[in-house]
Amino acid sequence: MVPATHYGMSVEFPLEMFVTVTFEEERGKTKQTLRHVGIPPGADTDGARHGWNWSFDKLAGVLKR
Numbered sequence: 000m001v002p003a004t005h006y007g008m009s010v011e012f013p014l015e016m017f018v019t020v021t022f023e024e025e026r027g028k029t030k031q032t033l034r035h036v037g038i039p040p041g042a043d044t045d046g047a048r049h050g051w052n053w054s055f056d057k058l059a060g061v062l063k064r
């Protein structure tokens, strides 16, 4: 395990968190929901949101091919 400080995040960032991603059909399309529990509020939350959005944008690009 690598501490979050290695990546420039705060020391308050926990070593372990719980992430749930669900996919469900909604009106002929796929609805994706992400739940990320354990991130301390503040800049780390904003950074995680940016990282998840980037990751899912990449996934969407791959799925379009």
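Each residue of the sequence shown is one higher than the last, beginning at 0 in numbering that gives the first Met the number 0.
Where a beta carbon is used, it is the ideal one built from N, C-alpha and C, also for glycine.
For clarity, every value in this text was computed on a predicted model and none was experimentally measured.
Check                                                                                                                                       : Outcome
The beta strand (DSSP E) spanning Thr21 covers which residue range?                                                                         : Phe17 to Glu25
Which word fits Phe22, buried or exposed, when buried means at least 16 other C-beta atoms lie within 10 angstroms of its C-beta?           : exposed
Would you kindly report the start and end of the unbroken beta strand (DSSP E) that includes Thr29?                                         : Lys28 to Val36
Among residues of its own chain, excluding the 5 on either side of Val18, which ones have a beta-carbon nearer than 8 Å to its beta-carbon? : Leu33, Arg34, His35 and Val36
In whole angstroms, give me the CA-to-CA distance for Ala59 and Gln31.                                                                      : 11 Å
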